[in-house]
Amino acid sequence: MPLLERKDSVTIARGIISKSKATETEVVIDSAIDRFVRYAEHGPTQDADRGHALVRVRVRNKTPEGYREATASCGSLEPAAYKAALERAQELALVAPPNPRLAPLGGAVMVPMVLRDRATIDQTFEAKARWIKLATEACAKHGLFPAGLAQTTGISRAIVNSCGREVLSYQTRAAFSLTATGKNGEGWAEAIARTIGALPIEATVQRAIDKALAAQDPEPIEPGEYTVVLEPAAVASLLLFTGYEGFGAREYEEQTSFLCGRLGQQVFPPSVTIHDDYRHPAWASLPFDGEGTARTQVVLVENGVPKRVVTDRNHAAHSGGESTGHALLQPSSHGPMPQNLVLLPGKQSRAELVAGVERGLLVTQLHYVNLMDPRELLLTGITRNGTYRIENGKLGRAVRNLRFTDSLVRTLGTLSGISNEQVVCGALFDGECVVPALRLSLRFTSTTEF
Amino acid sequence: MIEIAKLAVAEALKHGAQYAEARLVRLVRQDLVLKNGALDGAESTEEFGCGVRVLVDGCWGFQAMPLWADHGPAEQNARALGRRAPVVAKALASACTKRVELAPEPPQQGSYSTPLVEDPFAVKLSEKLELLRGCDAALQGRAETVVREASLSARAEEKWFASSEGAEQHQKLVRVGAGLSSTAAANGTVERRSYPASFGGNYKAGGFEHVRAWKLAEAGPRVRDEAVELCSAPLCPPGRRDLLLMGSQLALQIHESVGHPSEIDRVFGHELDLAGSSFATADKLGNFRYGSAIVNLEADSTLPGGLDTRGWDDEGVASGKWRIVDQGVLKGYLTSREWAARIGEARSRGSARAEGWANFPIVRITNLSLLPGTWELDALIADTQDGVLCDTVKTWSIDQHRLNFQFTTEIGWEIKNGVKGRMLRRPTYQGRTPEFWASCDAICNASHFEVWGVPNCGKGNPMQVAEMSHGAAPARFRGMTFL
Chain A
356 MPLLERKDSV
366 TIARGIISKS
376 KATETEVVID
386 SAIDRFVRYA
396 EHGPTQDADR
406 GHALVRVRVR
416 NKTPEGYREA
426 TASCGSLEPA
436 AYKAALERAQ
446 ELALVAPPNP
456 RLAPLGGAVM
466 VPMVLRDRAT
476 IDQTFEAKAR
486 WIKLATEACA
496 KHGLFPAGLA
506 QTTGISRAIV
516 NSCGREVLSY
526 QTRAAFSLTA
536 TGKNGEGWAE
546 AIARTIGALP
556 IEATVQRAID
566 KALAAQDPEP
576 IEPGEYTVVL
586 EPAAVASLLL
596 FTGYEGFGAR
606 EYEEQTSFLC
616 GRLGQQVFPP
626 SVTIHDDYRH
636 PAWASLPFDG
646 EGTARTQVVL
656 VENGVPKRVV
666 TDRNHAAHSG
676 GESTGHALLQ
686 PSSHGPMPQN
696 LVLLPGKQSR
706 AELVAGVERG
716 LLVTQLHYVN
726 LMDPRELLLT
736 GITRNGTYRI
746 ENGKLGRAVR
756 NLRFTDSLVR
766 TLGTLSGISN
776 EQVVCGALFD
786 GECVVPALRL
796 SLRFTSTTEF
Chain B
1057 MIEIAKLAVA
1067 EALKHGAQYA
1077 EARLVRLVRQ
1087 DLVLKNGALD
1097 GAESTEEFGC
1107 GVRVLVDGCW
1117 GFQAMPLWAD
1127 HGPAEQNARA
1137 LGRRAPVVAK
1147 ALASACTKRV
1157 ELAPEPPQQG
1167 SYSTPLVEDP
1177 FAVKLSEKLE
1187 LLRGCDAALQ
1197 GRAETVVREA
1207 SLSARAEEKW
1217 FASSEGAEQH
1227 QKLVRVGAGL
1237 SSTAAANGTV
1247 ERRSYPASFG
1257 GNYKAGGFEH
1267 VRAWKLAEAG
1277 PRVRDEAVEL
1287 CSAPLCPPGR
1297 RDLLLMGSQL
1307 ALQIHESVGH
1317 PSEIDRVFGH
1327 ELDLAGSSFA
1337 TADKLGNFRY
1347 GSAIVNLEAD
1357 STLPGGLDTR
1367 GWDDEGVASG
1377 KWRIVDQGVL
1387 KGYLTSREWA
1397 ARIGEARSRG
1407 SARAEGWANF
1417 PIVRITNLSL
1427 LPGTWELDAL
1437 IADTQDGVLC
1447 DTVKTWSIDQ
1457 HRLNFQFTTE
1467 IGWEIKNGVK
1477 GRMLRRPTYQ
1487 GRTPEFWASC
1497 DAICNASHFE
1507 VWGVPNCGKG
1517 NPMQVAEMSH
1527 GAAPARFRGM
1537 TFL
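Taken in order, these protein sequences are the chains called A and B.
Each residue of the first sequence is one higher than the one before, starting from 356 at the first, in our numbering.
Each residue of the second sequence is one higher than the one before, starting from 1057 at the first, in our numbering.
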């Protein structure tokens, strides 16, 4: 099933809108092609070549007390199916209580379309098999157990509404990862890019193997507060929580955000600047949000001072400003969210960060990070895939994994170095961001035996 | 529909597959969320598609697409999937160094439907909204409350499975969920309370009768007031003391520290790329002391009300019941046809499942319960000298081997000299899985046993979501470390 072309999406959406009896109607049409292979010691273990389409219809009827709104969706482009979805949405909207907070749907906007990378979307399974052989054979040479993923994805999204909004764009993503496991320690590396051509497969394989070999036979270590150099993947696991739980207007309004009482204050060192930037060259993000509003680049933290939260149309209307273009698909109980976080790099190399540590740790990755207290961004999680001592500025032996429990607000306040890198990283939960490595202090509350 | 599945299978065999299975799945969902009195989400979703999985010379191939007529007649699409799935397997053959062998499984034919009293999709929307409005009204009345939320969810999953070995199965699974929560902000802190469980409430297989039985609105004032009181409650003090866990938190403990470690693909390293592995390695089967002698953990894909209660798994293997931990000793794993032989079992336990139609079946936790003991809850509290009674999941984290964990609950109460006393904020305990279960010295009896649903278990890479339940009665764990 190919990705939808603009004319197909818009024709379907307009057809649905023309049949709607609601005051306002919005149609979102997604199509996706996903091809992936997971692998382990004997090669591919799971794979899929799959296509998908989803039509989402949002209707709203205006009343003096506010809009009555509801949504229905169907995994089909068949007229009977989306007609039924429209009817279900209309039926739900009839009984929905009016919501006085809802702003009218947005009107016409000019949003440039991001093109798809056909070579990435069309990459063959034979090519993925070659990547996998490279990884499994390299691991075999070193007696390591491989596990990883090779994936290429293309999506299209069109948002059309009855107020004249009509936007469509494409998104392409390629990813390759390897976890290499020895008898007593693991290493990992991952590459994420807009196109397959930008994926450094051999370097990724080598990096995972180097990490694994250095991670064998880790020494016991005591919990406590350590100066750490967090590699970009570990930084991403922490930073993404500011997006999930802090920088959105809804969390701020509901008083659950760590920004409550901190906007405009010098909360972090002046070296910390965080943007939300959909135009960053590291990714091909959709140029519009879940309401079809053009995304904007937002300075969230400038020189250590939190500046603002991101909004959607409803929150912008409530606070008297313009939407920053950060709506999720509507309606959403989460509220607006930054989905393209960029922590700006510093000037030092990663090696220089390490060289500045007298006694501390280098952390490759943080696993299963979760939130304990949103107001302080109190987080817990565990190190993974290679944690190493740093002594007198030099990398030393691997140590056993440790659990940290610390406030991100506190720990960013101890920041003493930012690397000059910009790496796209994800985490166990949803989302990706562009981050450097950081040197700071982190509190570890328990240890493991591995 | 089963004929369409059989067409796909036949086509795959024609194109070189030695084994083929086809799964047609129709998903229907309805979700309603009322937040601060306004409808924050009102959604009705319908999907229909097919996934075809084949083995060609021991290498897997999988193809999936929607089966609506817009992509061509369903028969034509099913044939196309049957043709293309072997192409994927052949393309990957150069990287396969060992053949996948499936444990034998006698092909079964039949149908299964979730037993239910009241079809949740037949209940009028206006009645559902009225129920949510009643919840919202019950949560009102305190100035400190910043968020009131009530939600309802109904899901129907109808599937047709056919395999080249002759399996032909039809299932209709119905699940419901509902809950309410209140968030208060005061004294510079924010606290939430939920009922009957957090993150959307409880979920069960069955009909709207479950939603009515939860009597959500009746719990509203208590939930609201506890959230407010928590904002001025003292933080749970650090140190070692006894831990009494109520059912929904114990369900999470079962899920994270027994369910995931007993997934056989994790045990053999095939989830190392994201979720991790397992400390419960195969050499420990039958001899590893997982917990105290009163700890019995039973996997049961026939459990009444269980979210993973069904006739067959997604490889056509019949549901069943078996012990993962028996009298404290590791006795079993969650397996699929690909993995059963690795631990010397002749047949799969039937734990392979896929999310919807577009996913490859993987080993999943099925319903897994801590079997009840003999205690009354009041007697258990009275028997505890220095402890904390903890209830309702707030946050959780566990390591990649499923050993070191740290969990925080929404609320705790101090127990001193057998008396439940002051409320405690953010109780956080940490431990190591075998020591945790070894410290279990009392479990409440069957009258306290409840089935708790997990509707959103993530596993796989790319991640798939699956549902399962965990039955539990409150239990005591001696000498736990509070942070």
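Positions of the beta carbon are idealized from the N, C-alpha and C atoms, including for glycine.
> For A427/A, which residues from the same chain have a beta carbon less than 6 Å from its beta carbon, with the 5 sequence-adjacent residues on both sides left out?
Replying inline: Within the first sequence, residue 427/A is the residue found at index 72, counting from 1. V412, A440, R443, A444, listed in sequence order.
> What in chain B is Cβ-close to K374/A, meaning under 9 Å?
Replying inline: Position 19 of the first sequence, counted from the start, is the residue given in the question as residue 374/A. Neighbours of K374/A in chain B, taken as residues whose beta carbon is under 9 Å from its own, are absent, since the nearest beta carbon is some 17 Å off.
> Thinking C-alpha only, which one of R739/A, L717/A, T378/A, R361/A is nearest N416/A?
Replying inline: Numbered from 1 along the first sequence, position 61 holds the residue referred to as residue 416/A. Selected option, being the one with the closest Cα: T378/A.
>> By the DSSP assignment, the alpha helix (DSSP H) with I1320/B in it spans what residues?
In response: Translated into positions along the second sequence, residue 1320/B becomes position 264. Residues 1320-1323.
> Where does N695/A fall in DSSP's three states?
Replying inline: On the first sequence, residue 695/A is found 340 positions in, with the first residue counted as 1. Correct three-state label for N695/A: coil.
> Alpha carbon to alpha carbon, how far is F1000/B from A403/A?
Replying inline: A question about residue 1000/B goes unanswered here, because the residues of chain B that appear run from 1057 up to 1539.
>> When you compare the CB positions of Y422/A and L447/A, do they come within less than 8 Å of one another, or not?
In response: Position 67 of the first sequence holds residue 422/A. Position 92 of the first sequence holds residue 447/A. No, the Cβ-Cβ distance between Y422/A and L447/A is not below 8 Å.
> Which partner residues does S801/A have in the DSSP bridge list?
Replying inline: Position 446 of the first sequence, counted from the start, is the residue given in the question as residue 801/A. According to DSSP, S801/A bridges with R758/A.
> So, helix, strand or coil for C823/A, using DSSP?
Replying inline: No answer is possible for residue 823/A: it lies beyond the span of chain A, which begins at 356 and ends at 805.
> In the region 490-550 of chain A, which residue ranges form an unbroken beta strand (DSSP E) of at least 3 residues, counting only runs that do not cross its ends?
Replying inline: Fully enclosed beta strand (DSSP E) runs of no fewer than 3 residues occupy 500-516, 521-537, 540-548 of the region 490-550 of chain A, in order along the chain.
> In this structure, does DSSP put D477/A in helix, strand or coil?
Replying inline: Position 122 of the first sequence holds residue 477/A. Coil, per DSSP.
>> Please list, in chain order, the chain A residues whose beta carbon lies closer than 9 Å to that of F1118/B.
In response: As a working note, residue 1118/B is residue 62 in the second sequence. At a beta-carbon threshold of 9 Å, the residues of chain A lying near F1118/B are Q401, D402, A403, D404, R405, ordered along the chain.
> DSSP on I371/A, reduced to helix/strand/coil?
Replying inline: For the purposes of this step, residue 371/A is taken as residue 16 along the first sequence, with counting starting at 1. It is helical.
> Among A792/A, G659/A, S774/A, R634/A, which has the Cα closest to the Cα of P467/A?
Replying inline: The residue labelled residue 467/A in the question sits at position 112 within the first sequence. Selected option, being the one with the closest Cα: R634/A.
> What distance in whole Å lies between the Cβ atoms of G598/A and L696/A, which are believed to be in contact at a cut-off of 8 Å?
Replying inline: Here residue 696/A refers to the residue found at position 341 of the first sequence. Here residue 598/A refers to the residue found at position 243 of the first sequence. Confirmed, about 5 Å.
> Is the Cβ of L447/A closer than 8 Å to any Cβ of chain B?
Replying inline: On the first sequence, residue 447/A is found 92 positions in, with the first residue counted as 1. So, interface residue.
>> Starting from S674/A, trace the beta strand (DSSP E) in both directions and tell me its first and last residue.
In response: By one-based count along the first sequence, residue 674/A stands at place 319. In the DSSP assignment, S674/A falls outside any beta strand (DSSP E) and lies within the alpha helix (DSSP H) extending over 668-674.
>> Distance cutoff 8 Å, beta carbons only. Does I1452/B sit that close to anything in chain A?
In response: Start at 1 with the first residue of the second sequence, and residue 1452/B comes out as number 396. The amino acid at residue 1452/B is misidentified as Ile; the sequence shows Trp. Yes, W1452/B lies at the interface with chain A (some Cβ there is under 8 Å from its Cβ).
>> For L795/A, would you say it is in contact with chain B, using Cβ-to-Cβ distances shorter than 8 Å as the test?
In response: The residue given as residue 795/A occupies position 440 in the first sequence. Judged by the 8 Å Cβ criterion, L795/A is not in contact with chain B.
>> For the region 1481-1493 of chain B, list every residue whose C-beta sits within 8 Å of some C-beta in chain A, in sequence order.
In response: Taken in chain order, the members of the region 1481-1493 of chain B whose beta-carbon sits within less than 8 Å of a beta-carbon on chain A are R1482, T1484, Q1486.
> beta strand (DSSP E) containing T1464/B: first to last residue?
Replying inline: Here residue 1464/B refers to the residue found at position 408 when the second sequence is read from its first residue. It spans 1460-1472 - the beta strand (DSSP E) in which T1464/B sits, taken as one unbroken run.
>> In the DSSP assignment, the alpha helix (DSSP H) including Q1086/B goes from what residue to what residue?
In response: Position 30 of the second sequence, counted from the first residue, corresponds to residue 1086/B. Segment 1075-1091 is the beta strand (DSSP E) holding Q1086/B; no alpha helix (DSSP H) there.
> With 8 Å set as the bound, which would you pick, yes or no: does the beta-carbon of E1102/B sit closer than that to a beta-carbon of chain A?
Replying inline: Residue 1102/B sits at position 46 when you count from the first residue of the second sequence. Interface residue (Cβ-Cβ distance to chain A less than 8 Å): E1102/B is classified as such.
> What is the rounded straight-line gap between the Cα of H1316/B and the Cα of I1421/B?
Replying inline: Sequence index remark: in the second sequence, residue 1316/B carries index 260 (1-based). Sequence index remark: in the second sequence, residue 1421/B carries index 365 (1-based). Their backbone Cα atoms lie some 7 Å apart in a straight line.
>> What would DSSP say about D363/A, mapped onto helix, strand or coil?
In response: Here residue 363/A is taken as the residue at index 8 of the first sequence, counted from 1. Collapsing the DSSP output to three states places D363/A in a helix.
>> Quick test of the definition: if touching needs 3 or more C-beta pairs under 8 Å, does the region 713-730 of chain A touch the region 675-684 of chain A?
In response: Between the region 713-730 of chain A and the region 675-684 of chain A, the count of C-beta pairs closer than 8 Å stays below three; the two stretches do not touch.
> Quick one: Cα of V653/A to Cα of L1353/B, how far?
Replying inline: Within the first sequence, numbered from 1, the residue matching residue 653/A stands at position 298. Within the second sequence, numbered from 1, the residue matching residue 1353/B stands at position 297. V653/A and L1353/B: Cα-Cα distance of roughly 51 Å.
> For the ligand ZN, any of its heavy atoms closer than 7 Å to the Cβ of P1122/B?
Replying inline: Only the bare structure without any ligand can be found here, which leaves the ligand ZN out of the picture.
> Does the beta carbon of C780/A sit closer than 8 Å to a beta carbon anywhere in chain B?
Replying inline: Here residue 780/A corresponds to residue number 425 of the first sequence, with the count starting at 1. For C780/A, the answer is no, since every Cβ of chain B falls outside 8 Å of its Cβ.
> If you pair each beta-carbon of the region 770-781 of chain A with each one of the region 579-596 of chain A, do three or more pairs fall below 8 Å?
Replying inline: Contact check between the region 770-781 of chain A and the region 579-596 of chain A: three or more CB pairs, one atom from each, fall below 8 Å, which counts as touching.
> By how many angstroms is the C-alpha of E1183/B removed from the C-alpha of S1503/B?
Replying inline: The residue given as residue 1503/B occupies position 447 in the second sequence. The residue given as residue 1183/B occupies position 127 in the second sequence. If you take the alpha carbons of S1503/B and E1183/B, they lie about 31 Å apart.
> So is M465/A buried or exposed if we call it buried at 16+ other beta carbons inside 10 Å?
Replying inline: If you number the first sequence from 1, residue 465/A lands on position 110. Taking a 10 Å sphere around the C-beta of M465/A, we find fewer than 16 other C-beta atoms and assign the residue as exposed.
> Are any of the Cβ atoms in chain A nearer than 8 Å to that of K1154/B?
Replying inline: Position 98 of the second sequence, counted from the start, is the residue given in the question as residue 1154/B. A Cβ of chain A is located within less than 8 Å of the beta carbon of K1154/B.
> Using the C-alpha atoms, what's the distance from H689/A back to G1347/B?
Replying inline: Along the second sequence, one-based indexing puts residue 1347/B at 291. Along the first sequence, one-based indexing puts residue 689/A at 334. Spanning the two alpha carbons is a distance of roughly 39 Å.
>> Just to make sure I have the definition right: I need the residues of chain A whose C-beta is within less than 7 Å of the C-beta of N1517/B. Which are they?
In response: On the second sequence, position 461 is the one that residue 1517/B refers to. Within 7 Å Cβ-Cβ: R393, L504.
> So, using beta-carbon positions, are P661/A and L618/A closer together than 8 Å?
Replying inline: By one-based count along the first sequence, residue 661/A stands at place 306. By one-based count along the first sequence, residue 618/A stands at place 263. The criterion of a C-beta distance shorter than 8 Å is satisfied by P661/A and L618/A.
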